[in-house]
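One structure below.
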Amino acid sequence: MRIILLGPPGAGKGTQATSIADEFNIPHISTGDIFRYNIKEGTELGKKAKSYMDQGLLVPDEVVVEIVEDRIKQEDCLNGFLLDGFPRTVPQAEALDRVMEKMSVALDNVINIQVDKSVLVERAVGRRICKSCGATYHIKFNPPSKEEQCDKCGGNLYQRDDDNEATVTRRIDVYLNETMPLIEYYSNRGKLTAIDGQQHIDKVFEDIVSVLRSGK
Ligand code: AP5
Ligand code: ZN
1 MRIILLGPPG AGKGTQATSI ADEFNIPHIS TGDIFRYNIK EGTELGKKAK
51 SYMDQGLLVP DEVVVEIVED RIKQEDCLNG FLLDGFPRTV PQAEALDRVM
101 EKMSVALDNV INIQVDKSVL VERAVGRRIC KSCGATYHIK FNPPSKEEQC
151 DKCGGNLYQR DDDNEATVTR RIDVYLNETM PLIEYYSNRG KLTAIDGQQH
201 IDKVFEDIVS VLRSGK
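This is the structure we're talking about:
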């Protein structure tokens, strides 16, 4: 199964992606996670991406496209993959179409997680992530049972550098200007399914699984 998760910052893409990837046994490919890993490791790619990410801006298309192209050609993606945070612009979507055509594979579904703008800032600013296993929490909506400690592995929780109010607001504006056109792009191709992202995390997951299982 080849799936794209679309949605504004804080919509719940990462939260759902982990469970969907487990459910369908496909790799979860998050361009944001790839950049954050490279920043942590101090690579050239990380240095380049950091300046854009800290400002809430998109990393240039050619940089992102090359990374995703290399990644989806790897062996573990032969039976499918879940893209989270890519594509984010029409040129990225067109590039993905070209790569997949060359690979003779097709997209199954583009899941668009819909959440009102008013909720997004609170979600992103309250997010906490486990340093060890990457699990995502929210101080109010999905708190860990012990403060600042991961329920799954006991690791310490941290807040992303770009999860402050000013940068989140900028990221939402960038989403509206550059990523929203993808809704029409995929809808015109009959691939888009809208999911209500303002329900409980488990219900959002249930809705997504039911769409993907029905093959609609
Ligand atoms: P990226 O890491 O992709 O961030 P994003 O798209 O801004 O998305 P988020 O990770 O903020 O949100 P999410 O939808 O995953 O929400 P989550 O599940 O964590 O990108 C970061 C940066 O990298 C970009 O700004 C850009 O610079 C660069 N980049 C990445 N990809 C790129 C590309 N393709 N092109 C160019 N640049 C790129 O949930 C958020 C919070 O809400 C959590 O605390 C969670 O617990 C909570 N929550 C989730 N679901 C629910 C629910 N149903 N109810 C209540 N709370 C919920
Ligand atoms: Zn953990």
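Going by UniProt numbering, the residue at position 82 of the sequence shown is 82; the numbering climbs one at a time, nothing skipped.
Built from N, CA and C at the ideal position, the CB exists for glycine as well.
Check: residue i C-beta below 7 Å from any heavy atom of the ligand AP5
{"i": "Ile-201", "result": "yes"}
{"i": "Asp-162", "result": "yes"}
{"i": "Pro-9", "result": "yes"}
{"i": "Gln-159", "result": "no"}
{"i": "Met-180", "result": "no"}
{"i": "Gln-46", "result": "Checking the sequence shown, residue 46 turns out to be Gly, not Gln. The answer is no for Gly-46."}
{"i": "Thr-15", "result": "yes"}
{"i": "Met-53", "result": "yes"}
{"i": "Gln-92", "result": "yes"}
{"i": "His-138", "result": "yes"}
{"i": "Val-64", "result": "yes"}
{"i": "Phe-86", "result": "yes"}
{"i": "Val-204", "result": "yes"}
{"i": "Val-59", "result": "yes"}
{"i": "Arg-189", "result": "no"}
{"i": "Arg-213", "result": "no"}
{"i": "Asn-142", "result": "yes"}
{"i": "Phe-35", "result": "yes"}
{"i": "Thr-31", "result": "yes"}
{"i": "Ala-21", "result": "no"}
{"i": "Ala-124", "result": "yes"}
{"i": "Gly-197", "result": "yes"}
{"i": "Arg-127", "result": "yes"}
{"i": "Lys-42", "result": "Residue identity differs from the one stated: residue 42 is Gly in this sequence, not Lys. Outside the cutoff, so no."}
{"i": "Arg-98", "result": "no"}
{"i": "Arg-171", "result": "yes"}
{"i": "Gly-12", "result": "yes"}
{"i": "Gly-56", "result": "yes"}
Reference residue i; option with closest CA among the options
{"i": "Val-125", "options": "Ile-4, Asn-38, Pro-9 and Met-1", "result": "Pro-9"}
{"i": "Tyr-185", "options": "Lys-73, Val-110 and Arg-127", "result": "Val-110"}
{"i": "Ile-4", "options": "Leu-176, Phe-81, Ile-34 and Ala-11", "result": "Phe-81"}
{"i": "Ile-195", "options": "Ser-210, Gly-46 and Asn-188", "result": "Ser-210"}
{"i": "Thr-193", "options": "Gly-215, Glu-66, His-28 and Ala-95", "result": "Gly-215"}
{"i": "Leu-107", "options": "Arg-123, Val-204 and Ile-72", "result": "Ile-72"}
{"i": "Val-99", "options": "Gly-85, Asp-70 and Gly-46", "result": "Asp-70"}
{"i": "Arg-123", "options": "Ala-11, Gly-134 and Lys-191", "result": "Ala-11"}
{"i": "His-28", "options": "Gly-155, Lys-13 and Asn-142", "result": "Lys-13"}
Cβ neighbour criterion (16 or more within 10 Å) applied to residue i
{"i": "Thr-43", "result": "exposed"}
{"i": "Asp-207", "result": "buried"}
{"i": "Asn-112", "result": "buried"}
{"i": "Gly-32", "result": "buried"}
{"i": "Met-180", "result": "exposed"}
{"i": "Ser-104", "result": "exposed"}
{"i": "Gln-92", "result": "buried"}
{"i": "Leu-83", "result": "buried"}
{"i": "Leu-78", "result": "exposed"}
{"i": "Ser-30", "result": "buried"}
{"i": "Pro-60", "result": "exposed"}
{"i": "Arg-175", "result": "As written in the sequence, residue 175 is Tyr, which differs from the Arg given in the question. Buried is the call here."}
{"i": "Arg-171", "result": "buried"}
{"i": "Asp-163", "result": "buried"}
{"i": "His-200", "result": "exposed"}
{"i": "Lys-203", "result": "exposed"}
{"i": "Pro-143", "result": "exposed"}
Contact set, the ligand ZN heavy atom to C-beta under 5 Å: Cys-130, Ser-132, Cys-133, Ala-135, Cys-150, Lys-152, Cys-153 and Gly-155
Mind listing, in chain order, the continuous beta strand (DSSP E) runs of no fewer than 3 residues lying wholly within the segment 52–135? 81–84, 109–114 and 127–130
Report the start-end ranges of each alpha helix (DSSP H) in the segment 128–175 that is 4 residues or longer and not cut off at the edges. 165–174
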